[in-house]
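Asks:
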Amino acid sequence: MARPLAFDPNEKLHQAMMLFWRRGYEATSLQDLVDELGINRFSLYNTFGDKQTLFARVVDVYEQRVFGPLLKTLEPPGEGLTRLETYLDTLAKGLRQQPAVNGCFLQNTVLAGEVRDTQVLNHIRDVFQRLQAALAEVVDGAKAQGEIDESESTQELADYLLMQVQGLIALHGLGAPERAENALRQLKQQIRKW
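Residue 177 in my numbering is what sits at position 2 of the sequence shown, and the numbering runs on without skipping anything.
1) If I'm right that Gln116 touches Glu211 with Cβ under 8 Å, what's the distance once you round it to whole angstroms?
2) Using 10 angstroms around the beta-carbon of Ala181, count the other beta-carbons present and answer buried if the total reaches 16, otherwise exposed.
3) Reducing DSSP to helix, strand and coil, say where Met232 ends up.
4) Could you tell me which whole alpha helix (DSSP H) segments of length 4 or greater appear in the segment 238–326?
5) Looking only at C-alpha atoms, which of Leu246, Lys187, Arg197, Arg258 sits nearest to Leu219?
6) Along the chain, where does the alpha helix (DSSP H) containing Lys200 start, and where does it finish?
7) Report, in whole angstroms, the separation of the C-beta atoms of Gln273 and Gln341, which I expect to be a contact under 8 Å.
8) Between His347, Pro184, Gln320, which lies nearest to Thr257 when the distance is taken from Cα to Cα?
9) For Ile344, does the three-state DSSP call read helix, strand or coil?
10) Is the segment 288–298 touching the segment 309–317, taking contact as three or more C-beta pairs under 8 Å?
Structure below.
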């Protein structure tokens with residue numbers, strides 16, 4: 176019979192996520208993980224698998240704890256630009272609550288070009304595609320309510336919004352939270368002119 180774990184795997188996944196977030200995938204060694212998580216290599220491998228498998232699980236944790244709740248703000252009943260403003264306000268609040276140097280874990284991972292595992296990269300792409308699809312639904316809802324002209328391309332506006340959101344996060348991650356707040360205000364004004 177296997178011995179019970181002497182640690183909480185969810186807590187260790189969170190610690191691993193924060194380490195990968197700070198240092199990046201390639202810069203984080205197995206020894207760094209052992210030191211940060213406070214468990215030995217055997218426990219690390221036995222519980223989480225190799226570094227790639229652990230990283231894939233960390234992406235899942237990020238999606239569930241950070242990305243997923245934010246995405247849900249685009250899903251509640253009520254159509255149109257109000258949903259988008261709620262999403263942007265929730266994003267801004269979340270950015271204010273985290274250190275400016277973190278940025279977006281998924282964005283950092285993709286831009287660093289460190290992860291070669293296609294399964295992990297496809298998972299990250301899927302997460303961003305879900306955001307883009309949710310933004311497209313908001314655009315369609317705003318069109319249905321007459322807030323956006325029907326002739327505007329839903330795909331192009333959703334891509335524009337995705338780019339703006341990621342730009343806001345990057346600006347905040349560069350240590351310029353005031354500039355990110357100003358850019359958010361400008362984005363909201365621009366959206367209201369659609």
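Backbone N, C-alpha and C define an ideal beta-carbon position, used for all residues, glycine too.
Replies: On the basis of the coordinates in this document:
1) Lying outside 176 to 369, the shown extent of the chain, residue 116 is not represented and no answer is given.
2) Taking the sequence shown and counting its residues from 1, one reaches residue 181 at position 6. By the 10 Å Cβ count, Ala181 comes out exposed.
3) Residue 232 sits at position 57 when you count from the first residue of the sequence shown. In the sequence as displayed, the identity of residue 232 is Arg instead of Met. Three-state DSSP puts Arg232 in a helix.
4) 243–247, 256–271, 280–287, 293–319
5) One-based indexing of the sequence shown puts residue 219 at position 44. Comparing Cα positions, the closest option is Lys187.
6) The count along the sequence shown starts at 1 and reaches residue 200 at position 25. The amino acid occupying residue 200 in the given sequence is Tyr; Lys does not appear at that position. Segment: none, Tyr200 is in no alpha helix (DSSP H) and carries neither H nor E.
7) Within the sequence shown, numbered from 1, the residue matching residue 273 stands at position 98. Within the sequence shown, numbered from 1, the residue matching residue 341 stands at position 166. No, Gln273 and Gln341 are not in contact; Cβ-Cβ is about 15 Å, not under 8 Å.
8) Taking the first residue of the sequence shown as position 1, residue 257 is located at position 82. Considering only alpha carbons, the answer is Gln320.
9) Translated into positions along the sequence shown, residue 344 becomes position 169. Looking at Ile344 - three-state DSSP - the assignment turns out to be helix.
10) no
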